[in-house]
Every structure is written in structure tokens, then in C-alpha cells.
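Every position in the sequence shown, counted from 1, becomes a number in the working numbering once 18 is added. Yeah, the Cβ is synthetic: ideal placement off N, Cα and C, and Gly gets one too.
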Amino acid sequence: MSTNGRDEILRLSALALAKGVETLECPVTGGVHLAAVGKITALVGGDAALYERHRPAIEAMCAKSFLMGPVSSAAVIKVITNMLAFIHLVAAGEALMLAKQGGLDLAQAYHAIVASSGNSFVHETESQLVLNGSYDIGFTMDLALKDLGFALAMGKDFGVPLDLATRVNAIFEQGKEAYGGDAWSTRIVKLLEDAVGAELRASGFPAKLEV
């Protein structure tokens, strides 16, 4: 159920098949706070009949599940969702800093963005941790770089130029250098805070995400 590269899950499923064992890959998405209460989403790759046999167990752990196709399909979509999340995180930080430097109340700016066409799941969730100052998302810089590496490798394999992902990967490399690989990935926004010399803080936001 972890995030893996496409080649790795294909290798593992081939080893399992040689022993007569079928494989379902089932990475999950939605964040640690949703996983803790069984509201995470499962992205499934494998045989449809095998999925149906195990669907009750998957849905006992997850609020939603999507069969994406054969084995390795879930690896592709999971890497895509994580790539988008990191891009959105960097974008949310830039948006909040523009709001602050433009003289806006950050709490009001947060809520206005939530109600706007510029909203994202990442802004709704992770921006709260930035505004609190805890950055405590339960996901590290090293893990972000691992997943961005998978995305960039897929871009090369599939012939897709990933300009935004490449830039965001470089930003996370800077974040790791500045704060360490064990720092929370949400702390990537602190690079901008340090560069501008201004903190993104507002009252009324939690130190950890709640459902």
C-alpha cells in the first residue's frame, strides 16, 4: 500500500506470480489525518476479479477505492497525485505570501481562496498548518523528493516534459538542504518566508489536521 515506482511494482508482481501469488497494488491518498479515521482513498492496480474479491477488505480501511487498471496503473496515478500535491503546496505558499505582502488579513485570505476557483485540497489542508506555524503534516522532505523522483522518471519514460514538477523538485532539494530531509514537507513554504523575511501566521488554525 506504499507509493512505489512503476518498475518496482512490476518486478514484485512478477516475483509473486512465479510463486503462484496474485498481486493487487493499493497505494492510498488523502493524508495521514484521513488514514487515521478510515477515510483515506485507495488507488488499486490489478486484475478486476481479484479486486472484487478483496474489495470488502479494502473498503473496510478506505472510504473510497478506484480500480485504475492492471498492476502498475495505481503506481502511475499515485505518483501523479503526489506530484500535483507538491506543486499545489508551493503555489499555495506563494499565494499566501502575496496576500500578506499585499496587506491582506491571512485568515480571511485563506477562506477567500477556499471559496474561489483557485482552491485546492492542499490549500484547504496544508495551508492551515503553515498559518499555524507547526507545519506538522506527518510527511517529510525526503518522502516528497522520493515521489517527485518517481514522477520525473515517469516523465522521461513516457516522453512527457514536466517543467513544473522539475522546478518543484529543485525547490524541495533547496528545502532539504536548508531544513533537513526529516523536516515536514509543508515546511517547504518556509523557504519563501525566509527569503521575504516575513512569517505566514494567522490565529484560529490547528497545529495538526483534524477530520
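Item to complete: Would you kindly report the start and end of the unbroken beta strand (DSSP E) that includes S138?
Response: Along the sequence shown, one-based indexing puts residue 138 at 120. Premise fails: S138 is in no beta strand (DSSP E) and is neither H nor E.
Discussion item. Assuming S138 and K226 are in contact, meaning their beta carbons sit under 8 Å apart, how far apart are those beta carbons, in whole angstroms?
Written reply: Indexing the sequence shown from 1 puts residue 138 at position 120. Indexing the sequence shown from 1 puts residue 226 at position 208. That belief does not hold up - the Cβ atoms of S138 and K226 are roughly 20 Å apart, past 8 Å.
Worksheet item: Between the beta-carbon of L163 and the beta-carbon of E144, is there less than 8 Å?
Response: Residue mapping note: residue 163 aligns to position 145 of the sequence shown, counting from 1. Residue mapping note: residue 144 aligns to position 126 of the sequence shown, counting from 1. Going by C-beta atoms, L163 is not nearer than 8 Å to E144.
Worksheet item: Can you tell which of L116, A183, L161, M19 has its C-alpha closest to the C-alpha of L170?
Response: Taking the sequence shown and counting its residues from 1, the one referred to as residue 170 is at position 152. The candidate whose alpha carbon is nearest that of L170 is A183.
Practice prompt. Quick one: using the 10 Å Cβ neighbour count with 16 as the cut-off for buried, is V178 buried or exposed?
Written response: Along the sequence shown, read from residue 1 onward, the residue named residue 178 stands at position 160. Its Cβ having fewer than 16 others within 10 Å, V178 is exposed.
Fill in: Through-space distance from K118 to V94, alpha-carbon basis
Reading the sequence shown from its first residue, position 76 is the one you call residue 94. Reading the sequence shown from its first residue, position 100 is the one you call residue 118. Rounded to whole angstroms, V94 to K118 spans 37 Å at the Cα level.
Worksheet item: Counting along the chain, where does the beta strand (DSSP E) carrying A133 start and finish?
Response: Counting from 1 along the sequence shown, the entry for residue 133 is found at position 115. Careful: A133 lies outside any beta strand (DSSP E) and carries neither H nor E.
Practice prompt. With DSSP as the reference, label F84 as helix, strand or coil.
Written response: For the purposes of this step, residue 84 is taken as the residue at position 66 of the sequence shown. If DSSP states are grouped into helix, strand and coil, F84 belongs with the strands.
Worksheet item: Which value, in whole angstroms, describes the spacing of the CA atoms of N22 and V148?
Response: For the purposes of this step, residue 22 is identified with residue 4 of the sequence shown, where counting begins at 1. For the purposes of this step, residue 148 is identified with residue 130 of the sequence shown, where counting begins at 1. Each residue's alpha carbon lies about 28 Å from the other.
Item to complete: Output the boundary residues of the alpha helix (DSSP H) element that contains A110.
Response: Here residue 110 corresponds to residue number 92 of the sequence shown, with the count starting at 1. Note, A110: alpha helix (DSSP H), 91 to 119.
Fill in: For I58, the residue or residues it bridges with in DSSP
Numbered from 1 along the sequence shown, position 40 holds the residue referred to as residue 58. C80, per the DSSP bridge assignment.
Practice prompt. Starting from E43, follow its DSSP beta bridges and name the residues at the other end.
Written response: Locating residue 43 in the sequence shown gives position 25, counting from the first residue. DSSP output for E43 lists G63 as bridge partner(s).
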